[in-house]
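Each remark here refers to the structure printed beneath this line.
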């Protein structure tokens, strides 16, 4: 019998076909082994999952129903107390509404104002509000702000800025911030009722926002109330 290398040199095509069949058989065997391993891993993972579910169910069956109900009731009470605390910390009048609103409350002397402005939130709202108050010679004593769904409400307590040393604010001229104050800012012509502040805030709300801001609602309701002295 001739040696294998000699037989391959005589019939090379036959030897190549036999080698190809052996490679295919080896590849098929490897694929079969991988499939068996994957199936085994899947069965083991499924078994562990079922055992874990069974252990959870056993724990639930052993839990004292009365103690579980008591804990649930205690949790609900705790959540109610927290919700009530949030409501007290943020009064309902502070939340913005769907309509633009301007409210100005003036003291009897017209020296202190409480202003509430509700409108669409926009990027330049706060800078414009600060500049408006500076131009009106008003300083902020207290400020609160709340935002909800693209709406914002600013509640401000303001006082006239006394700059002339004589007990009253100066109308017109240098506003003390590098600009010019409006002639009506001193309140000499509005009788201390805050009409000048209301009109300035109205102009601020109706001012077009920066590019990219949402179109603001056009309905504006305002109230100007003067408290008793």
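Numbering (the UniProt record's numbering), first residue to last: 1 to 229.
Yeah, the Cβ is synthetic: ideal placement off N, Cα and C, and Gly gets one too.
A quick note: this is a predicted structure, and the numbers were derived from the prediction, not measured.
(1) Alpha carbons only, please: which of 116, 47, 66 is nearest the one belonging to residue 156?
(2) Taking 6 Å as the limit between beta carbons, can you name the residues of its chain near residue 114, skipping five residues before and five after?
(3) Residue 159 lies in the beta strand (DSSP E); which residues open and close that run?
(4) How many Å lie between residue 82 and residue 72 at the Cα?
(5) Going by DSSP, what residues sit across from residue 142 in a beta bridge?
(6) Using the Cα positions of residue 68 and residue 74, report the straight-line distance between them to the nearest angstrom.
(7) Thinking C-beta only, is residue 95 closer than 7 Å to residue 38?
(8) On a Cα-Cα basis, can you pick out the residue from 70, 21, 28, 129 that is closest to residue 203?
(9) In three-state DSSP terms, what is residue 120?
(10) Name the two residues that bound the continuous beta strand (DSSP E) containing residue 106.
(11) To the nearest angstrom, report how far apart residue 48 and residue 58 are at their CA atoms.
(12) Since residue 101 and residue 118 should fall inside the 8 Å C-beta cutoff, what is the C-beta to C-beta distance between them, to a whole number of angstroms?
Taking the coordinates as given:
(1) The option with the nearest alpha carbon to residue 156 is 116.
(2) The beta carbon of residue 114 sits closer than 6 Å to the beta carbons of 105, 157 from its chain, once the five residues preceding and following it are set aside; these are given in chain order.
(3) For residue 159, the enclosing beta strand (DSSP E) begins and ends at 151 to 160.
(4) Approximately 15 Å between the Cα atoms of the pair.
(5) For residue 142, which the question treats as bridged, DSSP gives the partners 157.
(6) Near 10 Å, if we compare the C-alpha coordinates of residue 74 and residue 68.
(7) Taking a C-beta distance under 7 Å as the contact criterion, residue 38 and residue 95 do not qualify as a contact pair.
(8) Residue 129 is the option with its Cα nearest to residue 203.
(9) Note: residue 120 maps to strand in three-state DSSP.
(10) Here the beta strand (DSSP E) through residue 106 covers 100 to 106.
(11) Spanning the two alpha carbons is a distance of roughly 15 Å.
(12) About 4 Å separates the CB atoms of residue 101 and residue 118; that is less than 8 Å, so the two are in contact.
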